Amino acid sequence: MTTESRQLLQHFLAALAYRTQKALRGAPDDFADFRPAPTARTPYELLWHMTGLIGYARTMFHGGDFEPPRLASITDEVSRFHDLLDALRQDLGNAKLSAKISDAQFLQGPLADAMTHVGQLAYLRRLHGAPVPSENFIFATVDSRNVSRDQALPNAPDPDWRAEDMPHAPGPRRRDRDSAT
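Be aware that the sequence shown starts at 600, since it is given in our numbering, and climbs by one per residue.
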């Protein structure tokens, strides 16, 4: 464990919080229960699984098992998810705690898995007919001390984005490349 790698993991948790709120902000009321296929997870079930991943990561410091019960609403699940993000952020900052796995394993395992599911939440928003507005995440305000549900609004939203348009090709557009220099 190095202080620098732990700080990067804390920043990753903040990016996870930011992107989760980006995917959920402004979602229609019925989005939580949207199931695009019979065996697909709903957004609520994805978030519940993400909570389980973060709780599992904490067991690498504290031992035991983490199997979170289903809560009554997605609003409650969002709160629990962010509370666990904060607990893991604090664990990562506590030099007295030692983990059963390396910092790289935290990243390649539960944290990368959780970020993958944020992308699935965003994809489900589009399938549900309420796509997440485009943004250049390089310029997002991500503060490693803030893993709460209270996240900044986009700094670099796509000014040409319209919900009814098809997504553009991947990669930065000329405007994004020019503003980065």
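Positions of the beta carbon are idealized from the N, C-alpha and C atoms, including for glycine.
All figures in this text were calculated on a predicted structure; none of them were measured in a lab.
Proximity winner among R725, S733 and L752, relative to P771 (alpha-carbon distances)
Checked all of R725, S733 and L752; the closest Cα to P771 is S733.
Going by DSSP in three states, P756 sits in which element: helix, strand or coil?
Note: P756 maps to strand in three-state DSSP.
In the DSSP assignment, find the alpha helix (DSSP H) that holds T619 and state where it starts and stops.
Annotation: the continuous alpha helix (DSSP H) that includes T619 extends over T602 to L623.
May I have the straight-line CA-CA distance separating Y655 from P753, to the nearest angstrom?
Cα to Cα, the separation comes out at about 30 Å.
Which full runs of the alpha helix (DSSP H) of 4+ residues lie inside the stretch 635-685, going along the chain?
At a cut-off of 4 residues, the continuous stretches assigned as alpha helix (DSSP H) that sit fully inside the stretch 635-685 are 642-661.
Give a yes or no on whether 8 Å exceeds the smallest Cβ distance from L723 to chain C.
No chain C is present in this structure, which holds just one protein chain.
Candidates L696, A698 and A729: closest to D803 by CA position:
Nothing can be reported for residue 803, as the shown portion of the chain is limited to 600 through 780.
Same chain, Cβ closer than 6 Å to K699, neighbours up to 5 away in sequence not counted:
The residues are M659.
Could you tell me if H661 is buried or exposed, where buried requires 16 or more neighbouring beta carbons within 10 angstroms of its beta carbon?
Burial state of H661 is exposed, judged by a 10 Å Cβ sphere holding fewer than 16 other Cβ atoms.
Taking only the alpha-carbon atoms, compute the straight-line gap between F633 and Q609 and give it to the nearest angstrom.
Each residue's Cα considered, the two are about 31 Å apart.
Member of D712, T602, Q707 and S747 whose CA lies at the smallest distance from the CA of E676
Checking every option, the nearest Cα to that of E676 belongs to S747.
If I measure Cβ to Cβ from S604 and keep anything under 7 Å in the same chain, skipping five residues before and after, which residues do I get?
Hits under 7 Å: D702.
To the nearest angstrom, how far is the alpha carbon of M649 from that of F680?
The straight-line gap from Cα to Cα measures roughly 7 Å.
Euclidean distance between Cα positions of F665 and Q620:
Rounded to whole angstroms, the separation of the alpha carbons of Q620 and F665 is 23 Å.
CA-to-CA distance, L646 to R725, given in whole angstroms:
Spanning the two alpha carbons is a distance of roughly 17 Å.
Limits of the alpha helix (DSSP H) - the one that Q704 falls within
That run of the alpha helix (DSSP H) goes D702 to F705.
Mind reading off the beta-carbon distance from L615 to M714? Whole number of angstroms is fine, and I expect it under 8 Å.
About 6 Å separates the two Cβ atoms, so the contact holds.
Beta-ladder partner(s) of E734, from DSSP:
Paired residues: P756.
Please classify Q707 as buried or exposed, where buried requires at least 16 other C-beta atoms within 10 Å of its C-beta.
Counting of Cβ neighbours within 10 angstroms places Q707 among the exposed residues, the total staying below 16.
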